[in-house]
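Just below is one structure, and these are the notes that go with it.
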Amino acid sequence: MPIDKVDSNKLVVDLTPLDVAKAGALALWSCSKSDRNKEAMQRAGIFPLLAKLLKSDKQSVLVPAVGTLQECASRPEYRKLIRQEGMIEDFVKGLTNESEELKMHCASAIFKCAEEPETRNLVREFNGLTPLVKLLSQVKNKELLAAATGAIWKCSMSPVNVKQFKKQNAISHLVGLLSGQPEGVLINVVGAIGQCAKDSDNRIAIRKAGGIIPLVQLLKGTNQSLLINATKAIEQAAQDPDSMNQIEKQDGVRLLWSLLKTGKPELQASACWAICPCTNYTKDAGELVRSFVGGLELIVSLLQSDYKELVASVCAAISCIAKDEENLGVITDHGVVPLLAKLTHTADDHLRMHLAETIARCSTWGNNRISFGQCKAVAPLVQYLKSSDPLVHRATARALFELSKDPDNCITMHDNNAVKLLVEMVGSKDDILQEAAAGAIKNVRQLALANEREKFK
């Protein structure tokens, strides 16, 4: 029939409310792939209407409605609206629906919304963790599996959720998915394992389930997201001595060092963080590190990066590496002191903490404490004591204690009112901070007294 002969009024009459809702939801789903359209949808007040659609028992309406919300959940402001409209409970309810498509979209929506701790708590409170673990058995449906593992990964960022996953034996299911899966699934699986491995019992469970070897093998890949998650998982697993033995036997430490050559700052930073426990928990770590040709020179050179997280991770790794005197001598020869001194003007407390720890460690070698003074590192360090972060205080006090063993540094500290700031730290409940602060004060005052005696001779 020609279009001009169609009775439009009859068409409208024939449409049921369900048909209208379905058509509207499908249209919104298609439109929601555009950021500009998402903004228009928000201005039009679409989120309360979508919340009402989620109360439907019709799959034909639910799927596009959840699909639309899943698209919108990529933006934090929309995730907040989803949470405020009470839709997390509906997503959890959808995890047990008969429709695999609906389960997939609900799990994917949780995956995106669980970036915030409030949502992770709601998923747990609405009993959504158990159905997520059950979905790990859906190995044939890769889209559903990717969504479920992604939701578990994000939910496991909350320690209280990790305890629930531990009760449900989620680790054995996740480890079972470390092979034979597409990268989209693997990224989420390894991310979840890395989060769960922050629990000491789970670290043992990962090893007993045979998870260490496949995790190390993933370091040979090329997918950056997967490599980052693998390094984070190994960083946690390495804190278990038996797991560390397996990591070393599988050449995992060398693979981590090789990632420092990638030129990708985020990946390099993640590898550095993993190198820290590997260095701390490996027997003969000093010799192992020296066996990587050019490795020490490479890690020192990364201090020149503009990416703060990488610089902080390098400082942390150097602090671990420098526990071995021979390695400390080598990195000193590679110019670590002036590079560290150049960083002391940072206002970033995360970097300050690791930088101060590294300066404290490096100051124990040769004339390094004198060199730090000559490189003007002492005065900026004193200002770290004004930070509100107690971990910065501890690291800085340790650094100042080591530096105060040089008379010229004591003078600089005195001129920058370090004693007054350190006196406040002596009353701390942190024994390490208290002792380091007292030691630095003692050295500064001993020099001052010696100078006074000289005046009266």
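Mind the numbering: the sequence shown is residues 1 to 457 in UniProt numbering, read in order.
The beta-carbon is built from N, C-alpha and C at its ideal position, and this holds for glycine as well.
- Put simply, of N368, H173, Q224 and S200 the residue whose alpha carbon is nearest the alpha carbon of G184 is Q224.
- Residue environment analysis places N367 among the exposed positions, since fewer than 16 neighbouring C-beta atoms fall within 10 angstroms of its C-beta.
- Collapsing the DSSP output to three states places C375 in coil.
- The beta-carbon separation of F126 and A109, rounded to 13 Å, does not stay under the 8 Å limit for a contact.
- Secondary structure in the stretch 225–256: no beta strand (DSSP E) run of 3 residues or longer lies completely within the stretch.
- In the three-state scheme derived from DSSP, where H, G and I count as helix and E and B as strand, A448 is classed as helix.
- Distances from the alpha-carbon of C196 to those of A170, V216 and I331 put A170 closest.
- Leaving aside the five residues that flank W257 on each side, the residues in its chain whose CB is nearer than 6 Å to its CB run, in chain order, F292 and G295.
- Taking 8 Å as the cut-off, the beta carbon of R352 is found closer than this to the beta carbon of S387.
- Contact between A356 and A395 holds, since their C-beta atoms are separated by about 4 Å, short of 8 Å.
- A direct Cα-to-Cα measurement between K103 and F165 gives close to 19 Å.
- Separation of the CB atoms of G194 and K232 is rounded to 4 Å, and the pair is thereby assigned contact status at 8 Å.
- Of L129, H105 and K134, the smallest CA-CA separation from E143 is found for H105.
- Listed in chain order, the alpha helix (DSSP H) elements of length 4 or more contained wholly in the stretch 97–132 are 100–113 and 117–125.
- Taking L177 as reference, the option from S137, K198 and H350 with the minimal CA-CA separation is S137.
- Per DSSP, S200 is one residue of the alpha helix (DSSP H) stretching across S200 to K208.
- L145 sits in a helix when the DSSP states are folded into three classes.
- Rounded to the nearest whole angstrom, the C-alpha separation of C276 and S99 is 46 Å.
- By the criterion of a C-beta distance shorter than 7 Å, E116 is surrounded in its chain by R79, once the five residues flanking it on both sides are discounted.
- For R352, the enclosing alpha helix (DSSP H) covers residues D349 to C362.
- V123 places its beta carbon less than 8 Å from that of C155.
- Spatial neighbours of P338 in its own chain (CB-CB distance under 7 Å, excluding positions within 5 residues in sequence) are listed in chain order as C375.
- For P265, the uninterrupted alpha helix (DSSP H) run begins and ends at P265 to N280, by DSSP.
- The Cβ atoms of I212 and S172 do not sit closer than 8 Å to each other.
- The alpha carbon of M157 has as its nearest neighbour, out of L81, A114 and W365, the alpha carbon of A114.
- For E402, the enclosing alpha helix (DSSP H) begins and ends at P390 to L403.
- Annotated as distal: E309 and A274, with beta-carbon spacing of 8 Å or more.
- Nearest C-alpha to A418 among N97, V382, E101 and R445: V382.
- Around the Cβ of A205, a 10 Å sphere holds 16 or more other Cβ atoms; the residue is buried.
- In the assembly as shown, K283 is an exposed residue. Its beta-carbon has fewer than 16 other beta-carbons within 10 Å.
- The C-alpha of I432 lies about 25 Å from the C-alpha of C272.
- When secondary structure is reduced to three states using DSSP, E85 falls in the coil class, being assigned neither helix nor strand.
- Around the C-beta of H345, fewer than 16 other C-beta atoms lie within 10 Å, and the residue is accordingly described as exposed.
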